[in-house]
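One structure below.
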Amino acid sequence: MSDYTKPLPVLTDENRPFWESCAAGRLSFQQCRDCEHLRYPISHICPECLSTDYSWMPVSGRGHVFSYVVFHKAYHPGFQGDLPYNVALVQLEEGPRMYGNVVDTPNDAVRIGDAVEAVFEEVTPEITIPRFRLVRKDGESKPIA
Amino acid sequence: MTGRSMRDRGAIVGVGATPQGKLPGSTALSLAVDAFKLALADSGLEKRQIDGLLTFSGQTAPEGQQNYLRLGETLGINPRWTGTMYMGGSTAGALVQQAVLAIEAGMATHVACVYGDAAATGGGVFNRAQGWGDSSAIWGFMSAAANSAITAARHMAVYGTTSQQLGEIAVACRYHASLNPAAVMRKPITIEDHQASRWVVEPLHLLDCCLVSDGGVCIIVSSAEHARDLKQPPVLISGMGQGYTTQILEREDWWYAPHQKVAVEVAYKMAGVGPQDIDVAQLYDNFTPSVLLWLEHGGFCEPGEAGAFVEGGRIRLGGDLPVNTAGGNLSESFMEGWLHIVEGVRQMRGQCGERQVAGAETCLVTGRGMTLNCANAMVLRKS
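What follows is the structure in structure tokens.
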């Protein structure tokens, strides 16, 4: 039983490896076996070369904040108690970009360009959601422009 | 590019817009029908002359993609050319452009492009996460506002654009709406009002956001030749362009909507004009950051300079480039960009009364829809 009330992914044969990897504490993405393009969002086919041959590749989980917004309005009742909450668009070192919440920091302490790394929160027995936290001062910060 | 030039081949010969705002008792269908009748009367055409019917099903038409059938049946039109397209705020321009092409190809003579929606009273669905597969809603990234907030935050970080500069756009649109008796929000606002309005998705305040409205709009397209013999001063479609980005996360500069630049440049080239020739512009404004991008992609200023460009009343009536002279999606009514085309036509006809841009002969009209994905542009010209 879970009292988690926010939207959850619907597991399919296609996305299950992504979420199993999160449960194991790593981000993994599909890598095309033909052109080596590392892709996200999850798809059965490579958008570069249209090959359907791929493997799941673990990545570092490191990246930087590409853009960043703070929600002051809940568009789903599950987020009402979190207001205001943030969502970052994170540019990962290996190429893909994904959305994620920056945790363990005040909303106004996050700047575009800040270095982040993935962290994992088990929200139900089946699902562990990747989020991000700021990398401390010794981490690399990417120039914005 | 190959192909025959469409410069000045098509014309907009009739426009109609219903009252806007909260209209209890109206439906998407009733509003579309009302708009059609208004546009037909405006054009002087008779119903039997309309042989093309292109529609946008919007948020609340229950028949969805079969909207063209429902509307055709209701209006008693058996068209030679028809269909429904769903591109959000880009649909209106895409349909008008499709109408020009169909007419030029001899597939239709007079095409009515029609839209009705009861999004305010009938339950609009602008609050969802967009896309498919693993939804960004998992992280709470939902709503149309969120995508524009991503753009605004990045524009601010890269170029130093400020919230006050976004406020200039909202203030200009509201000032124009104050001169438009048909606008929903007519009480003038100040930059201070903008700054004091509540956050929605930071860095966007409430006054950075468009309205949600009930209403209907119809635009009738004919050939330039036919237009000369009709009731209204012909407004020629001198240039048309479209651009799309289907990839979001895969595409580094998606937030900057580079396809908007493609759309405008194709339209300028077809029309044989540049930004210096534009007297008035109707730039799609679901949220204020959209106008920044259109100003930059339209060549009115360099990339990153639109924040400074909109200061000092430059986009207000009397300024160098009056923008959204009826009030736009922000203050006139949110009709998914359909009213931007209507206002462009009325400016070219000289029918805008107090808000008329004196001597205006060339107008840029743009539309953008879905998760920033779809864009189009048209250059309208006084005949």
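Listed in order, the protein sequences are those of chains G and A.
Numbering-wise, this note's numbering puts 105 at position 105 of the first sequence, and it's gapless, one number per residue.
Numbering-wise, this note's numbering puts 1067 at position 67 of the second sequence, and it's gapless, one number per residue.
All C-beta atoms in this analysis are idealised placements derived from N, C-alpha and C, irrespective of residue type, glycine included.
6 Å Cβ shell around residue i - same chain, five flanking residues per side excluded
i, result
"Cys35 (chain G)", "Glu48, Cys49"
"Pro1289 (chain A)", "Ser1148, Thr1151, Ala1152"
"Val1212 (chain A)", "Ala1119, Ala1120, Gly1124, Phe1334"
"Gly25 (chain G)", "Phe120"
"Cys1374 (chain A)", "Met1087, Ser1090, Tyr1244"
"Glu1354 (chain A)", "Leu1179"
"Ala1146 (chain A)", "Val1201"
"Gln1164 (chain A)", "Ile1191"
Beta-carbon proximity check, residue i vs residue j, cutoff 8 Å
i, j, result
"Glu1332 (chain A)", "Ala1092 (chain A)", "no"
"Gly1243 (chain A)", "Ala1227 (chain A)", "no"
"Thr1349 (chain A)", "Val1235 (chain A)", "The sequence shown places Arg at residue 1349 (chain A), not Thr. Closer than 8 Å, so yes."
"Cys1218 (chain A)", "Asn1329 (chain A)", "no"
"Val135 (chain G)", "Val110 (chain G)", "no"
"Asp1208 (chain A)", "Phe1287 (chain A)", "yes"
"Ala1017 (chain A)", "Leu1038 (chain A)", "yes"
"Gly1122 (chain A)", "Thr1060 (chain A)", "yes"
"His1155 (chain A)", "Thr1162 (chain A)", "no"
"Tyr1115 (chain A)", "Gly1216 (chain A)", "yes"
"Ser51 (chain G)", "Arg62 (chain G)", "no"
"Gly1241 (chain A)", "Ala1267 (chain A)", "yes"
"Tyr68 (chain G)", "Ile112 (chain G)", "yes"
"Ile1169 (chain A)", "Ile1315 (chain A)", "yes"
"Met1134 (chain A)", "Asn15 (chain G)", "First, the residue type needs correcting, since residue 1134 (chain A) is Asp and not Met in the sequence shown. Their beta carbons are under 8 Å apart, which means Asp1134 (chain A) touches Asn15 (chain G) by this criterion."
"Leu1372 (chain A)", "Ala1257 (chain A)", "yes"
"Val1291 (chain A)", "Val1342 (chain A)", "no"
"Val1036 (chain A)", "Leu1069 (chain A)", "Reading the sequence as shown, one finds Phe at residue 1036 (chain A) and not Val. Their beta carbons are not under 8 Å apart, which means Phe1036 (chain A) does not touch Leu1069 (chain A) by this criterion."
Any C-beta of chain G under 8 Å from that of residue i
i, result
"Gln1065 (chain A)", "no"
"Gln1242 (chain A)", "no"
"Gln1351 (chain A)", "no"
"Arg1007 (chain A)", "no"
"Trp1081 (chain A)", "no"
"Phe1136 (chain A)", "The amino acid occupying residue 1136 (chain A) in the given sequence is Ser; Phe does not appear at that position. Taking Cβ atoms only, chain G reaches closer than 8 Å to Ser1136 (chain A), which makes this a yes."
"Met1142 (chain A)", "yes"
"Gln1059 (chain A)", "no"
Contacts around residue i, its chain only, beta-carbon distance under 7 Å, and the 5 residues preceding and following it disregarded
i, result
"Leu38 (chain G)", "Phe29, Gln31, Met57, Glu94, Gly95, Pro96"
"Val1171 (chain A)", "Ile1189, Thr1190, Ile1191, His1194"
"Ala74 (chain G)", "Gln80, Leu83"
"Tyr1159 (chain A)", "Gly1304, Gly1307"
"Arg1009 (chain A)", "Val1100, Glu1104, Ser1223, Ala1224"
Chain-order list of residues whose beta-carbon lies under 8 Å from that of residue i (same chain, five-residue window excluded)
i, result
"Arg1007 (chain A)", "Ser1238, Gly1239, Met1270, Ala1271, Gly1272"
"Pro7 (chain G)", "His76, Gly78"
"Asn107 (chain G)", "Val70, Pro84, Tyr85, Asn86"
"Cys1301 (chain A)", "Leu1295, Ala1308, Phe1309"
"Val1345 (chain A)", "Ile1012, Val1015, Ile1219, Val1235, Leu1380"
"Asn1387 (chain A)", "Any answer about residue 1387 (chain A) is impossible in this case: the structure gives chain A only from 1001 up to 1383."
"Phe66 (chain G)", "Ala88, Leu89, Val90, Gln91, Arg97, Ile112"
Any chain A beta carbon closer than 8 Å to residue i
i, result
"Met1 (chain G)", "Interpretation of Met1 (chain G) is limited by its pLDDT of 47, a score under 50 that renders its predicted location unreliable; the figure taken from the coordinates is listed afterwards. Closer than 8 Å: no."
"His76 (chain G)", "yes"
"Tyr227 (chain G)", "Since the first residue of chain G shown is 1 and the last is 145, residue 227 (chain G) is not available in this structure."
"Arg39 (chain G)", "yes"
"Ser28 (chain G)", "no"
"Arg133 (chain G)", "no"
"Gly149 (chain G)", "Residue 149 (chain G) lies beyond the residue range present for chain G, which begins at 1 and ends at 145; the question has no answer from this structure."
"Pro47 (chain G)", "yes"
heavy atom of the ligand PLP below 7 Å from residue i C-beta
i, result
"Pro1019 (chain A)", "Although the ligand PLP was asked about, the structure shown includes no ligands whatsoever."
Min CB distance residue i to chain C below 8 Å
i, result
"Trp1338 (chain A)", "Within the model displayed, chain C is absent; protein chains G and A are what it includes."
If you measure beta-carbon to beta-carbon, which residues of the segment 1146-1159 of chain A are closer than 7 Å to chain G? Residues of the segment 1146-1159 of chain A with a Cβ closer than 7 Å to any Cβ of chain G, in chain order: Ala1146, Ala1149, Ile1150, Ala1153, Arg1154, Ala1157, Val1158.
For the segment 1309-1316 of chain A against the segment 1360-1372 of chain A, are there 3 or more C-beta pairs whose distance is under 8 Å? no
Measuring CB atoms only, is the segment 112-121 of chain G touching the segment 1175-1189 of chain A, in the sense that at least three cross pairs come out at less than 8 Å? Segment contact: the segment 112-121 of chain G against the segment 1175-1189 of chain A, fewer than three CB-CB distances shorter than 8 Å; contact not assigned.
Name the residues in the segment 109-130 of chain G whose C-beta lies less than 8 Å from a C-beta of chain A; which are they? Arg111, Ile112, Gly113, Ile129
Quick one: any contact between the segment 1083-1098 of chain A and the segment 1194-1208 of chain A, if contact means 3 or more CB pairs under 8 Å? no
Selection of the segment 1191-1203 of chain A by Cβ proximity to chain G, strictly under 9 Å: Contact residues of the segment 1191-1203 of chain A toward chain G are Arg1198, Trp1199, Val1200, Val1201, Glu1202, Pro1203 (C-beta to C-beta distance below 9 Å).
Going along the chain, which residues of the segment 55-71 of chain G sit with their C-beta nearer than 8 Å to a C-beta in chain A? Residues of the segment 55-71 of chain G that bring their beta carbon within less than 8 Å of a beta carbon in chain A comprise Phe66, Ser67, Tyr68, Val69, Val70, Phe71, in sequence order.
Tell me whether the segment 1047-1055 of chain A and the segment 1073-1086 of chain A touch, counting them as touching only if at least three CB pairs, one residue from each stretch, are closer than 8 Å. The segment 1047-1055 of chain A is in contact with the segment 1073-1086 of chain A.
Count the C-beta pairs between the segment 96-105 of chain G and the segment 124-134 of chain G that are closer than 8 Å, then say yes if the count reaches three, no if not. yes
Please name the residues in the segment 1277-1305 of chain A whose beta-carbon is closer than 7 Å to at least one beta-carbon of chain G, in chain order. none
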